[in-house]
Structures are given as structure tokens and as C-alpha cells.
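No gaps in the numbering here: position 220 of the sequence shown is 219 in numbering that gives the first Met the number 0, and each next residue is one more. For glycine and all other residues, C-beta sits at the position ideal for the given N, C-alpha and C. Values in this document were obtained by computation on a predicted structure and should not be read as measured data. The structure appears right after this line, and notes come after that.
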Amino acid sequence: MIILRPLWRRRYGMLRRIRFVSGWLLKNLGMLPLSPRVKMAIHDIMMLAISSLIVQSRTYQAWQTSASGTRRVQRLLAGDKDTQLPDALLPYAPYAELWDALEARPMREDVPCIDVIIPVYRDYDQSLNAMYRAIETRIHNKTPYRVVVINDCSPDAQLTEALRSLAQRHLFTLMENQENLGFVKTVNKAMRLEPSRDVVLLNSDTEVYHDWLDRMIAASASHPRVATITPFSNNAEICSYPYFVRANMMALECEYATLDSLAAHVNHGAVVAVPTGIGFCMWIARAALDVVGYFDEEHFGKGYGEENDFCCRTTAHGFVHLMACDVFVRHVGGSSFGSSKNKLIAKNYQILCGLHPEYHGQVQDILRRDPMAIYRQALDVARIDAYWQSQHYTKGAIMMVNHTLGGGTERHMREMIASCAGDAIPCIILTRDPDDEDVLMLHVEGVQPTPNLSFRMSHDHAAMLDVLRRLNIRHMHVHHLIHFPSRIMEYLRSLSHDLGIAYDMTLHDYFPICPRVNLIDDSGYYCGEPAVTTCEQCVRSHYSFVGNHSVWEWRFRYAEFLGQARRVFVPSEDMHQRMMQHMPHLNYAVRVHAERFDDVPLARTMPRMHGERLRVAVVGALSRIKGSAVLEALVRDVAGRDCAIDYTIIGYTDNAALTKGLPHCHVTGAYKEHEIGQYLEDVAPHLILIPSLWPETYCYALSIAWRFGIRPVVFDIGAPAERVRALGAEGGDVLPYAWVHEPQRINDWLAQQGYHSQPLVRPETVTYASMQDDYYGELVL
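And the structure:
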């Protein structure tokens, strides 16, 4: 993999050559007597055509849905250990037609009052892009400014040639060092060009947008002695977004230019005092330069730390430094220094703290206080709102509350979110921080990450209410509260009351009455739902997910919470009847999960030939309560008697004996949902066995069997038995629950199956025409 990384990193060079060819074609087209506006229109049409032919093609979209593994490979090739989100695409050099359009613009006649200085050393694409953005946005700014590009003796001949050629268009001022002076001497040289002007230092790996400079200048008016102003960025230490003090290289759901527009709107005029500016994009007042001089070339000649030293010196003379929270500038980062960056930073930080002992404490103070947090939070909210608008959601939002353990509960919640989206209802998810039980986190499918929407239950209640109101949350739907702190029920009731909204809850298992969740006793089998005194003994003797709470106390608290719910949804009548025995006062509503069963052609499994072994598949994550011990007993019985049955677990299991390779049992390992069809085709099972030992409330494994036309076999307990019986004999087979203790009897029965093609009936597709009316019922959004 390490050997392949250099090739992978050169992919942008290849893309550049492709773009060069396309630019050549457009240039020839540009020889026609057409206006720049028409040329740009043709360019946009060509890009739209490429999008339609490639990006919007069915093949590409199908790849996108299953390309997470590919993206992980991309990140590994790039040497990046963070595989959660793909990186944003790197900038590329503008096409010749874009430069033509800039040159065709009328020249501004007002005298520049600011020099925007861009030092350039290498990286053709990023450097030309940074220059173009700075020049192109002049038309959006009332503040007149000059772009000064200074080439620090670049080793890239192509870049040097491009700079000289573009300079002849008189779009910017080009300076060239005859020898490499380094970053600090280079920018000092540029800042001395016009001793009366304020300056902006702009790295060659940045992108500015819209009226960025006007907003930075407006920030300078908020205090009489401002030395520097720094904007928000994806990669700017304390000015970073969305994560604080982190290089945020991930692609967001919106363009960076859109993020800048959102910042301009939601953080209009907001400034925060900071101990230092950040040099990637930093406005510097000429008054400050006149007092303390330029950057320290002696101590920080190679860069990193020079702007911090400058800020410390100006602070000592009564100047302040501000962050403009209504400006966002992209910063790719590190293009001028390469692999030596970290060593240089460490060395120069020691020098900096030696010169300014107070600096470290000032930095620690702002890290502790984090006054920018509310403005990052505002951007998170704005991104969500913008995304919802882009999806044409027209109704109030629903907040889904759930754990992060995955499984059927999370699947059902995400399917509900998708169904709500079809009804123009947006949804937001509330989960618990896995590292801190006091912290609750909000996030939206399609808008990630939003790390600033985290709230401490202990003291951020008002802040959470404010955010939920801004997002127009009109209803709360609780799915599961396992792993939340025990006070979560009271907290959610408080949110519901303070927001003036109702809440529903879907029961996915028996957590409200069983602290062990699944009605399984110490024997590993269904407990029979005995008297609460027996349950108390069970919990005292074994693990519990509710800490030190007694069973009766736990049930009382849950009954109180559920009693105030608008509705308590259950996915099966079996669960409804069981819950009625314990909490009969609740407002139950049976809602079968919405599922399609007709999207896959109904397969006809070929009957077993004489002497052929029966192929039995078990689908999913096979834990003990799902029947792993039962399956182990079945496999051992087959091995001992050779009764012509082969078992395959399409998924994984916690049973060590099964994973170590018992004869007549194969374990495929975890699969993705879209892969299950291929696994079933490869295994070609005659039957799908669902050996679950607890009264499941729905069972997606059963749905898989029906969807792919493979006859299911279940035990007589819970929703699986109820669902099979609802279809009659043609829906599958129900074995007595007592057989879970008799593997020989099960295998004997199975061994007789599969010789005749048995017709299979699938359930009708379950859909809700309107989530608001047909599922929730009388819900006002």
C-alpha cells in the first residue's frame, strides 16, 4: 500500500492534464466571435453535460451507494487514518476562459487601499486557484484592493511561466525573488511595497468567497486598535470549523462558498477577541506595522510562529486581535512546507514561548473558554436548515431519539426518516456521546459532521432548547434509551414540556419491563415473564443495563414516562399483548414496519435431489439470544450422526466453536445490506432457519427469507411465529419452542425437508401513504 501512495498522490497531475486538454478545446471554441458571457454559458453547459452523462448516470449512482469501501482505500492510499468521511476535492487551476472573463471585466478606477499579498512557491493548481479567487471576488467587494503575487523563486517552471503569462493581463502585481528568501522575508518584502496600506496575507492554498474583505474590514471597525483579523476556516487552529483546533479536510454536504454565505448571514457582524491571528488569511493594520515593525526574520525565517510573535508584540502595545465569525475562507494547508512542518512547528513554538512567556497561558485560556463555540454552533444549525430547504421540506421537524448500537432499531429509525422525507418532514437524531454519558448529540442524515450540536444534560438545557426551536422541532419520537443515563426520561419529558411538543415511543424490545432487555433468564432461554420477585433475583444475580435500579422501580419510571407519551408504538400484536400484561394503561398502537417484499423476483428453490445434503442458512448477527448455542448443538449433532445437513451463517456469531470451523458449518462474516442477495445466491439454501430464543418484536431476518423467496423456519415464540402463522402453511414452518432443547429432533425434522418444491407466499408490501396521518395519526407539524 505504501508503494502505491506516490502513484495515488500523482492523480491530480493526471487530472490537470485532462483539464488542460479540455481547456485547449474550449480555447479553440473561444476563437469564435463570441462574448465572454456566451463562452461561460457554453462552459457551464459542457460541465452540466458531463454531470448528466457521468455523475447522474445509474452506474455512478449505484457505485456511490456502495463505495464506502472504495473511499476507505482512497484514504489509506493517501496515508490518512481517519476513514470516516472522504476528503474534500483539492482545488485545481482555473480554465483559460475564466482568466479571459476576468480580463474582459471593466477596470476599477478607485485607488486600492489594501494590498492582498499571496506568496507563491509551488503547487500549480492551488496557487493559481488562490490567485483567481482573490482577483475574481474584487467585483463583490466595495473595498478596493490590489492583489500582489510574489514568486519566491519557485522550482516549478510551469508555475513560474503561468505567473508571468497571467501578469501580462494586468490582473495582479507580480514580484519575483531571484533567490528563495523563505516565507517571512518574502511577505515582509511585499508588505513594504506600499507603506501606507493595510495588508492581507493570503496563503497560496486558500479560497476566498463573495464580499469576504468587506466583512473583514467591517470587523476592524468594532474596536479602535485592531491589529489583525482572521476569518473562520476549515483548517485554522482556533478559528477552525466544524471541529475546533483541527484540520477539517472532510467534504461537507455543501460547497465552501455556500458555507461562507451561511456564515455571513447567521454570524453577521460577530467578532471574538483572540490572542493571535492565524496567518493563512490575516488582515493586518498598517498602524500596527508602524508601531512594532514587520515579521521577525531572525527567529522565524522559515515560517510558523511569525504571526504569533507579531501579535504578541502588538498586544504589548495595546492592540487587539479579532476573529471575524461571519467570514469563511478555505485553507488546504501545508502546501509550502511539506513533511518538515511538524518539526518546524515544535521548534518555533519553543522559541515563541521563550520570547513571550505569557502566550502559552493565553492560548490555554481561549482553548478552555472557546468563545467561538456559539458561532460554530450557529453554522451547524444553518447547514442543517439549508440542507432541509434544498430537500424541499415544508413541515416541522421530528427529533428521533436512539442509541448508536445499530441493529434492527437503528435500521427501522433510518427507514422512518426516509419515509418522513418523502412526506416533506425533516428529522434530526438525538444520541448520547459514547465517551460521556452527560453529553447528548444532534445530527442529521446528509449533514455531517455537526460536532457543535453537543449539549451537557447537566447545564446546557437552555442552549439545546434554543437550537431545537431554531430547527423548528415539532415532535419527538423516542426509539431506544439503552446506554443513556437513567435521568434521560426526566430530561426528555422536560424538553417536551419546554418546547410545547408531544412525544411518541416505539418499543423495539422489552427494555421498559426487563433490565436485561430480552426476557431471557440465567439459563439463556425465555424466562416466561414470571412474578417481579423472580425478576429481581435474576437481575441481582446477573448483569443489568439499568445499574442499581430495582426491577419494580425501573418499571415504575418507564410506566410514568410511557404514560405521558402521546402514543406507544409496537411492531406486532404479540408484543402488544405481552406489554398489556405489565402496563395496560398505555396508549398502544400496533404499527408493522414498512417493508417491500415484491422488489425481488420470487425465486423457486430447486428441490433436493436424492442424496443431496440440505442447505440451511442462518442470516444476521447470531448472538446467544438469537440462537447461537442452539445452532452449535445442531451442528454438533450433524457431525456426530451425519444426517445430511449443511449450515451456513450468512453473517457473524459470538459463538467461538462455530467460528473455529466445526464440520458442516460455514460462517461468511459480516455483510452489507445490499450484499445479502448475492450471498443467498451463492449459498442457495433450501431453508432459512431463525433460531431466536426470545420473543422478538419483528425480525428482519424473516423479512429477508420472504423477500428472496426462501422458506423460513422459526420457533413458536414472539413476532416471527405470529408473522408466519398469519400467512398460513405457505408462509413457512413454526416449530415447537420446546424443541430448542432437542437438537436431534430438529435435525431429524429438517432432514426430511426440501425434497418437494413447496409454494411460498410472501406478505403484502407494507407502506404508509402519509407518515403524518397514517403512521403517526393526528400529528400536527
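Report, in whole angstroms, the separation of the C-beta atoms of L692 and V712, which I expect to be a contact under 8 Å.
No, L692 and V712 are not in contact; Cβ-Cβ is about 14 Å, not under 8 Å.
Can you find the residues in the same chain that come closer than 8 Å, C-beta to C-beta, to Q157, ignoring five residues on each side of it along the sequence?
Once the five neighbours on either side are set aside, the close Cβ partners of Q157 are Y123.
Could you give the residue range of the beta strand (DSSP E) that holds A588?
587-589
Taking the beta strand (DSSP E) that S691 falls in, what are its first and last residues?
Looking at the DSSP string, S691 is not in any beta strand (DSSP E), and its letter there is neither H nor E.
Are the CB atoms of S239 and R329 nearer to each other than 8 Å?
No, the Cβ-Cβ distance between S239 and R329 is not below 8 Å.
Which whole-angstrom value describes the C-beta separation of D503 and F568, a residue pair presumed to lie in contact below a C-beta threshold of 8 Å?
6 Å
Between the alpha carbons of R70 and L88, how many angstroms are there, rounded?
Note that R70 scores 36 on pLDDT, short of 50, meaning its location in the model is unreliable; the coordinates nonetheless yield the value given after this. The straight-line gap from Cα to Cα measures roughly 13 Å.
Quick one: what's got a C-beta closer than 7 Å to V446's C-beta in the same chain, skipping five residues either side?
E252, R382, I383, Y386
Distance, Cα to Cα, E206 vs K141?
19 Å
Identify every run of the alpha helix (DSSP H) within the stretch 225-275, keeping only runs that are complete inside it and at least 4 residues long; order them along the chain.
255-265
So the candidates are T658, V617, E741; which of them puts its Cα closest to the Cα of A683?
Taking only the C-alpha atoms, the option nearest A683 is V617.
Compare the Cα-Cα distances from A286 to each of R163, G304, V331, T227 and report the closest residue.
Checked all of R163, G304, V331, T227; the closest Cα to A286 is T227.
Considering only residues of the same chain and omitting the five flanking positions on each side of S622, which have a CB-CB separation below 6 Å?
D653
Can you give me the start and stop residues for the beta strand (DSSP E) that D124 sits inside?
No beta strand (DSSP E) contains D124, which is instead part of the alpha helix (DSSP H) from 123-135.
Provide the residue(s) that pair with S453 in DSSP beta bridges, ordered along the chain.
Under DSSP, S453 forms a beta bridge with M440.
Are the CB atoms of H139 and D197 within a distance shorter than 8 Å?
no
Please report the straight-line C-alpha distance between S219 and E193, rounded to a whole angstrom.
The C-alpha of S219 lies about 20 Å from the C-alpha of E193.
Need the endpoints of the alpha helix (DSSP H) that V666 sits in, please.
No alpha helix (DSSP H) contains V666, which is instead part of the beta strand (DSSP E) from 664-666.
Using the C-alpha atoms, what's the distance from Y697 back to V380?
35 Å
Within a Cβ cutoff of 8 Å, which residues of the same chain sit near N187, ignoring the five residues on either side of it in sequence?
Result list for N187: Y293, F294, E296, in chain order.
Flag this pair as yes or no: are the beta carbons of D520 and C526 separated by less than 8 Å?
yes
With a CB to CB cut of under 8 Å and the five nearest residues on each side skipped, what residues in its chain are close to Y542?
R515
From T275 to N307, what does the alpha carbon distance come to, in whole angstroms?
6 Å
What residue range is occupied by the uninterrupted beta strand (DSSP E) comprising I149?
144-150
Can you tell me where the alpha helix (DSSP H) with I500 in it begins and where it stops?
Per DSSP, I500 belongs to no alpha helix (DSSP H) and is neither H nor E.
Please report the Cβ distance between A396 and L470, rounded to the nearest whole angstrom; I am assuming they are in contact, meaning their Cβ atoms lie under 8 Å.
6 Å
Do the stretch 658-674 and the stretch 589-599 meet, that is, are 3 or more Cβ pairs less than 8 Å apart?
no
Give the single residue among D325, I344, G304, V319 whose Cα lies nearest to the Cα of L354.
G304
Helix, strand or coil for F782, going by three-state DSSP, please let me know.
Nothing can be reported for residue 782, as the shown portion of the chain is limited to 0 through 780.
From which residue to which residue does the beta strand (DSSP E) around R431 run?
426-431
Compute the Euclidean distance between the alpha carbons of Y736 and E674, then round it to the nearest angstrom.
Whole-angstrom Cα-Cα distance: 31 Å.
Which residue from V326, F243, V291 puts its Cα closest to that of R312?
V291
What residue from R132, A315, Y557 has the CA that sits closest to A256's CA?
R132
CA-CA distance, A750 and V634?
13 Å
Output the boundary residues of the alpha helix (DSSP H) element that contains F824.
Coverage of the chain is limited to positions 0 through 780, which leaves residue 824 absent and any answer about it impossible.
So within the stretch 642-680, which uninterrupted beta strand (DSSP E) runs reach at least 3 residues, ignoring any that extend past its ends?
Here the runs fully enclosed are 644-652, 664-666.
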